[in-house]
Amino acid sequence: MNCPSRAVPRSSILVGLFCLLTGALYAADQPITPAVGDSLRIETVVSQVLKTNDQAAAARYMEQSAAAKIAPAGAWDDPMLMLGVVNLPTDFKFNEDMMTMKMVGLSQKIPYAGQNGLEKKAARAEADASSANREETERELVLSAKLAFYDWYFPSRMIDDMKAQRALMADMVSSATAGLTADQSGQADVAMAQSELWRMDAEILSMEQMVDESRYMLCALMGLPTDTKLPSPAQPPTAVIPDTPNDWITAADANYPVLKKMDYQAIGYGFSADAMRRMRWPMVELSASYGFRADMPMEEVKDMVGFQVSFSLPFFSGRRQNDMARSMDLMKLGMEAETSQMRREVEAEVRTLHAKARRLSQSLALYTERIIPADNDAWQSMLASYAAGRMMLSDILESAIRIYRDRVAARRQAYDLARTTAEVEKYISAAAMEK
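Count along the sequence shown from 1, then add 6; that gives the number in our numbering.
1. Proline 251 by DSSP, collapsed to three states: which one?
2. Run the CB neighbour count on tryptophan 385, radius 10 Å, all protein chains shown included, and call it buried at 16 or more, exposed below.
3. Just to check my reading of the structure: alanine 135 and tyrosine 270 have Cβ atoms closer than 8 Å, yes? What is that Cβ distance to the nearest angstrom?
4. If methionine 168 sits next to methionine 206, beta carbons under 8 Å apart, how far is it from one beta carbon to the other, in whole angstroms?
5. When you compare the CB positions of tyrosine 433 and valine 352, do they come within less than 8 Å of one another, or not?
6. Quick test of the definition: if touching needs 3 or more C-beta pairs under 8 Å, does the region 114-132 touch the region 278-289?
7. Determine the direct distance from the alpha carbon of glutamine 419 to that of glutamine 368, and round the result to whole angstroms.
8. Nearest-angstrom Cα distance between glutamate 49 and leucine 230?
9. Measure from the alpha carbon of serine 162 to the alpha carbon of each residue in Ala129, Lys108, Ala151, Asp218, then state which is nearest.
10. If I follow the unbroken alpha helix (DSSP H) through leucine 372, where does it start and stop?
11. Comparing alpha-carbon positions, which option in Phe313, Ser150, Ala79 lies nearest alanine 133?
12. Quick check on DSSP: helix, strand or coil for arginine 425?
13. Between the C-alpha atoms of alanine 77 and alanine 272, what's the straight-line distance to the nearest angstrom?
14. Leucine 46: buried (16+ other C-beta within 10 angstroms of its C-beta) or exposed?
15. What residues in its chain sit with their C-beta under 7 Å from that of tyrosine 275, if we drop five residues either side in the sequence?
16. Give the straight-line distance between the Cα atoms of lysine 99 and valine 92, rounded to the nearest whole angstrom.
17. With DSSP as the reference, please indicate the residues paired to glutamine 215 in a beta bridge.
18. Exposed or buried, what is isoleucine 116 when buried is set at 16 or more other beta-carbons lying within 10 Å of its beta-carbon?
19. Anyone know if the C-beta pair for aspartate 412 and tyrosine 373 falls short of 8 Å?
20. For methionine 175 versus isoleucine 407, is the C-beta spacing smaller than 8 Å?
21. Using the C-alpha atoms, what's the distance from leucine 224 back to valine 236?
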């Protein structure tokens with residue numbers, strides 16, 4: 007079908023279209039990485055969040071608090087110093103009775119059953135659980151920071167693509183309007199083209215709102231005022247997805263802080279139960295005293311000493327300690343069961359994320375290696391057809407818009423892949439992700 011004559015020569019339109027679309031498509035293929043001094047890398051964001059976020063600081067304080075409880079948990083009871091008078095007559099005369107003594111004594115409870123050592127081990131397990139909780143908090147913050155960064159970077163690139171697409175759609179509106187003026191198109195064509203343009207404006211506004219939200223959240227996570235002007239985001243690195251999830255599952259089982267915290271809690275319950283069982287044993291207390299006696303008329307007196315060993319009779323406390331020990335044993339069993347179930351759920355989640363990441367990676371490869379190159383070849387053919395007068399301007403513009411939509415779809419695949427790998431990193435170590 008021959009293209010009707012235009013006021014603007016076909017060669018000029020062809021050159022303009024080629025420069026506009028080909029240049030924009032080439033830019034869409036290139037990583038958008040600002041100058042080093044002006045770029046904000048995701049590694050810098052993560053480091054800043056871990057240093058300045060108050061939630062991370064609070065978790066560190068709780069970790070230090072739990073560590074400070076270890077030494078007191080294993081400490082002995084303080085010795086008791088006794089001062090007093092023995093056998094003092096009611097007239098308060100110290101030299102009237104030879105048995106009157108001023109006495110000083112010392113007593114000490116001996117935890118020979120070993121319950122203090124077990125309580126110290128329980129406190130250490132609690133401190134380890136607190137460390138795992140701090141690590142969990144930090145990983146959640148890192149995940150939030152990465153997701154906010156991706157919510158900022160990828161939609162920003164999509165906006166660039168969508169604005170280029172909008173420029174083409176504006177050309178479609180102009181072409182339809184010119185056709186209406188020349189009685190070569192109808193009012194419906196103009197209305198349809200205009201509605202598509204407005205729809206694109208609405209999508210751009212929605213994407214810009216998402217970018218603003220992510221930037222504000224990123225500032226909050228980094229401990230900055232939310233209206234801080236951040237440098238342009240640098241392109242984040244692309245994670246390598248292994249063929250199977252086995253390495254990820256092994257890493258998650260060994261490194262996921264939630265599992266480590268639950269393991270430590272179960273260990274702590276076990277030590278507490280053992281300590282309570284030891285406290286059913288009789289308690290031993292050693293004491294010693296020295297009595298100073300006053301000199302008596304016509305009689306020499308000597309000072310006196312005393313030693314004593316006391317044993318408690320745990321008739322009542324023993325049963326209470328046994329019940330508390332049983333309670334701790336049941337808490338340990340409950341925590342072990344919960345940990346076992348959590349491990350299964352973590353494995354299922356890691357397998358799901360791996361499958362999702364693999365499919366997203368394959369889909370992204372389809373777009374970047376097949377669909378977009380095919381779009382480029384088709385675009386060159388369409389330009390040749392337009393130059394030969396076998397294609398309408400509106401048709402070639404519509405085809406260009408479809409090409410842009412493929413590129414936006416590729417951006418979305420990369421965006422979803424980045425978010426998926428960030429979620430995986432919550433479960434596994436960074437070293438495992440690099441394998």
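Ideal Cβ positions, reconstructed from N, Cα and C, are used throughout, including at glycine.
The short version:
1. coil
2. buried
3. 4 Å
4. 6 Å
5. yes
6. yes
7. 10 Å
8. 17 Å
9. Asp218
10. 323-372
11. Ala79
12. helix
13. 20 Å
14. buried
15. Met334, Met337, Lys338, Met341
16. 12 Å
17. Answer is none; glutamine 215 lacks a bridge partner.
18. exposed
19. yes
20. yes
21. Per the sequence shown, the amino acid found at residue 236 is leucine instead of valine. Answer to the nearest angstrom: the Cα atoms are 9 Å apart.
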